[in-house]
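Notes to accompany the following structure.
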Amino acid sequence: MTETPSKAAPFAIASAAICALGIGISLLLPEPGRGPAVYGAASAALGALCAFSALARGVTKGSTGVLTGFSIGFICRAALVAAGLFASGARGNLALVYVGAFFTLYAATQVIEVLFVHASSRPQGATP
């Protein structure tokens, strides 16, 4: 069981770094787009935390655990995209800014999650 956290650590750090970068870039945008972009990036970062946690726990349980982890991550993100958009109050083109920030960060963290599952499924060390 201690092997998975050590495998997960570099991927968790990469995901957190991408999320911090996304939030940082959102903070640099001019108003009025800054608010929706920050809400979108923050919602996506929270979704990434939920999804990666579920995957890290599920990857030790085989393919069923991985499928469950991805499903939990998808459901969390589906709820967060709606909740964040509602909380941001973005309308019209500003809603597109929110969606762009959310799904850009979603795509980046999803790639990291897939790479984590791939790395966790490969045996390490010498094979006989």
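The sequence shown lines up with residues 43 to 170 when you count with the numbering used here. Even glycine gets a Cβ: it sits at the ideal position worked out from N, Cα and C.
Please look up how many angstroms separate the CB atoms of residue i and residue j, rounded, as I've assumed it's under 8 Å.
i	j	result
F53	L157	7 Å
V108	G115	The Cβ separation is near 11 Å, so there is no contact.
V123	F94	With 8 Å as the limit, V123 and F94 do not qualify as a contact, their Cβ atoms being about 17 Å apart.
R223	G89	Lying outside 43 to 170, the shown extent of the chain, residue 223 is not represented and no answer is given.
P78	A137	7 Å
A96	G111	4 Å
What is the DSSP secondary structure of residue i, counted as helix, strand or coil?
i	result
P74	coil
G134	coil
M43	Confidence at M43 is low in this model, with a pLDDT of 45, below 50, so the placement of that residue is unreliable and no value is reported for it.
Could you tell me whether the Cβ atoms of residue i and residue j are closer together than 8 Å?
i	j	result
I154	A56	yes
C92	T151	no
A86	G64	yes
V141	G82	yes
K49	S162	yes
Count the other CB atoms, across all protein chains shown, that sit within 10 Å of the CB of residue i; report buried if there are 16 or more and exposed otherwise.
i	result
T44	Reliability fails at T44, whose pLDDT of 46 lies under 50, so the model's placement of it is uncertain and no value is given.
S68	buried
A121	exposed
L127	buried
Rank the options by C-alpha distance to the C-alpha of residue i and give the top, closest one.
i	options	result
H160	G104, A129 and G126	G104
A84	S162, G66 and A51	G66
A129	S113, T106 and V80	V80
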